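The sequence shown begins at 40 in this note's numbering and counts up by one. Here is the structure we will look at, set down as structure tokens.
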Amino acid sequence: MKIREFFYILLKRYFPHLKTKSKSKFFKKILINKILLIFSYYLKISKEEILISDIFLNSKEQEELEKILYDVLIKKYPIEYLLKKVRFGNLELNINENCLVPRLETEEFLFYSFEYLKNKYDLNDFSFIFLELGVGSGNIILNFLEFFKFNKKNIFIGSDISFKAIYLALSNFYLNFIDKSVSKLIYLINSDKFLFINTYNLSKFLITKNLNLIIFSNPPYLDKKEIKNLYDPFVSLYSKDKISFYVYILKFVFELIDSIVYLRNDIKLEKLPIIEVFLEIDRIGFKKLLNKKRNKILSKLTILKKQKISKNIYYFYIKYKEFFININFYVV
Ligand SMILES: C[S@@+](CC[C@H](N)C(=O)[O-])C[C@H]1O[C@@H](n2cnc3c(N)ncnc32)[C@H](O)[C@@H]1O
40 MKIREFFYIL LKRYFPHLKT KSKSKFFKKI LINKILLIFS YYLKISKEEI LISDIFLNSK
100 EQEELEKILY DVLIKKYPIE YLLKKVRFGN LELNINENCL VPRLETEEFL FYSFEYLKNK
160 YDLNDFSFIF LELGVGSGNI ILNFLEFFKF NKKNIFIGSD ISFKAIYLAL SNFYLNFIDK
220 SVSKLIYLIN SDKFLFINTY NLSKFLITKN LNLIIFSNPP YLDKKEIKNL YDPFVSLYSK
280 DKISFYVYIL KFVFELIDSI VYLRNDIKLE KLPIIEVFLE IDRIGFKKLL NKKRNKILSK
340 LTILKKQKIS KNIYYFYIKY KEFFININFY VV
């Protein structure tokens, strides 16, 4: 059977109502594009070639193609795992089933964080340590590195509990950064959370090197029911109570501030490090995190300002002891 014939047969078989639905134009476009992508992946030719070609598919090829289409379109297996490549931010990345498929909302948050930092600070002067909990494929930390690598005082540190994810992030670093001088700026660590960091040493380092701190995390935040139909690694999605990673990050920041406050008595500080935190979270987790009865850590801080920036982004200006922290939440 010719490829075009097969294409329309599949469309009819799996989406018989496509024509009759009034709102289906957009959906149809996406669907056709997805099918073309799958064909192109399977046959190793471009989408354009498929549309004009007279390729003949034998029955084995038809069977295999239909199986892939069924998995992706009906069972919602991520097409990104098939193609093994994504474009995220300004980088091309390899991905596989060992990492979360980078999501569009995370990319939106990434671009927001760049704009936010660009508008707020003189980035030639504002140098920082960037910390990420759960780097996955490296989609966030590597884009931060790309965006801020012009300032060689910046340092980028990312952790992931999955060795396979760290390995992938590292390979994506080598894929994207030919200038190996930047390898001195980045550390990808296979570790649980930030347990490899001693907060006292970090605070001393921030102070003596006159650095600021940026923490970014899109940690696991789904419960077992919510991840039932997802194909990403369990460890990248599951959180027992939805908020433990956020509470951990807040405690980490507070511990760091405690050390800075302690050190301040010894060293005369000209200026305190600035702390910027970016967290992706879902609506249920967000509510739970801000619930004073459920989350005792809130009693330690004062929310000085809360602002809804856009449909998904909330900005908080927080005081802990005599220290101020900025937190931006992307609420999915
Ligand atoms: C939701 S994924 C985010 C991946 C990537 N940063 C993104 O936004 O697309 C969460 C990541 O956290 C990692 N992770 C889970 N538990 C962790 C832990 N205790 N310590 C460090 N990383 C963890 C997972 O392996 C996964 O790569």
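Where is the CB? At the ideal position from N, CA and C, for every residue including glycine. Model, not experiment: these values are computed from the prediction.
CA nearest to the CA of residue i, picked from the options
| i | options | result |
| --- | --- | --- |
| Y120 | Y109, R303, V140 | V140 |
| L250 | K64, F66, F169, P258 | F169 |
| N133 | L207, E361, L329 | L207 |
| S152 | Y81, G173, L318, E100 | L318 |
| I253 | T341, Y53, K267, L172 | L172 |
| K243 | F233, I84, Y301 | Y301 |
| K11 | S230, V370, K41 | The structure shown has nothing for residue 11, since the chain only spans 40 to 371. |
| S256 | L112, K123, N178 | N178 |
| I306 | I246, L149, E100 | I246 |
| V316 | I352, D218, R303, K335 | I352 |
| I200 | D231, K344, K191 | D231 |
| I320 | I366, K68, T341 | I366 |
| L340 | N334, Y359, K347, L329 | Y359 |
| F148 | F183, K41, S166 | F183 |
| D164 | E146, K191, L241 | K191 |
| E105 | I77, K267, K123 | I77 |
| C138 | I348, R126, F362, S275 | S275 |
| L308 | K345, K248, Y116, S176 | K248 |
| K345 | Y260, N334, L329, F362 | L329 |
| I299 | S176, E185, Y239, I196 | Y239 |
| I48 | F363, K86, Q101 | Q101 |
| E146 | I180, I118, I71 | I180 |
| Y80 | F362, G197, I118 | I118 |
| F233 | V174, Y270, K264, D218 | V174 |
| S176 | D271, I336, I342, I348 | D271 |
| K310 | L112, I342, F362, E154 | F362 |
| F293 | I364, L343, I217 | I364 |
Spatial distance of residue i from residue j (CA atoms)
| i | j | result |
| --- | --- | --- |
| K331 | I313 | 26 Å |
| K114 | Y356 | 42 Å |
| K188 | G128 | 15 Å |
| D297 | I236 | 15 Å |
| F46 | F65 | 18 Å |
| L295 | E136 | 35 Å |
| S338 | Y354 | 19 Å |
| Y285 | P258 | 8 Å |
| S98 | F291 | 58 Å |
| I84 | I323 | 44 Å |
| L289 | I74 | 44 Å |
| E103 | D110 | 11 Å |
| I107 | I89 | 17 Å |
| K326 | F368 | 12 Å |
| F54 | N229 | 44 Å |
| I69 | K203 | 32 Å |
| I42 | S92 | 8 Å |
| K123 | I266 | 21 Å |
| I194 | F167 | 6 Å |
| E185 | E131 | 12 Å |
| N334 | Y287 | 12 Å |
| I205 | E87 | 36 Å |
| F95 | V125 | 29 Å |
| Y116 | N268 | 9 Å |
| F71 | F273 | Going by the sequence as given, residue 71 is Ile instead of Phe. Cα to Cα, the separation comes out at about 30 Å. |
| L261 | K219 | 37 Å |
| K264 | L112 | 21 Å |
| L143 | N304 | 45 Å |
| L241 | K347 | 32 Å |
| L82 | K51 | 21 Å |
| I196 | L343 | 29 Å |
| S198 | L57 | 45 Å |
**Report entry** Cβ contact (3+ pairs, closer than 8 Å) linking the region 210-225 and the region 274-292
**Finding:** Verdict: no, contact absent.
**Report entry** 4-residue-minimum alpha helix (DSSP H) runs that sit fully inside the region 293-371, ordered along the chain
**Finding:** Those alpha helix (DSSP H) runs which fall completely within the region 293-371 and span 4+ residues are 322-328.
Query raised in the report: Below 8 Å, can you find three or more Cβ-Cβ pairs linking the region 146-159 to the region 223-234?
Result: With a cut-off of 8 Å, the region 223-234 and the region 146-159 do not count as touching, because too few Cβ pairs lie within range.
Requested in this report: Return the chain-ordered ranges of every alpha helix (DSSP H) run that is complete within the region 129-165 and spans a minimum of 4 residues.
Outcome: Runs of the alpha helix (DSSP H) lying entirely within the region 129-165 and spanning at least 4 residues, in chain order: 143-159.
Requested in this report: Note down, one range per segment and in chain order, each beta strand (DSSP E) of at least 3 residues found wholly within the region 179-243.
Outcome: Taking only runs of at least 3 residues, the beta strand (DSSP E) segments lying wholly in the region 179-243 are 194-199, 225-229.
Report task. Give, in chain order, every unbroken run of the alpha helix (DSSP H) that is at least 4 residues long and sits entirely within the region 242-282. Result -> List check, alpha helix (DSSP H) in window: 273-276.
Query raised in the report: Can you list the alpha helix (DSSP H) stretches of 4 or more residues lying completely in the region 72-114, in chain order?
Result: 86-91, 98-108, all fully within the region 72-114.
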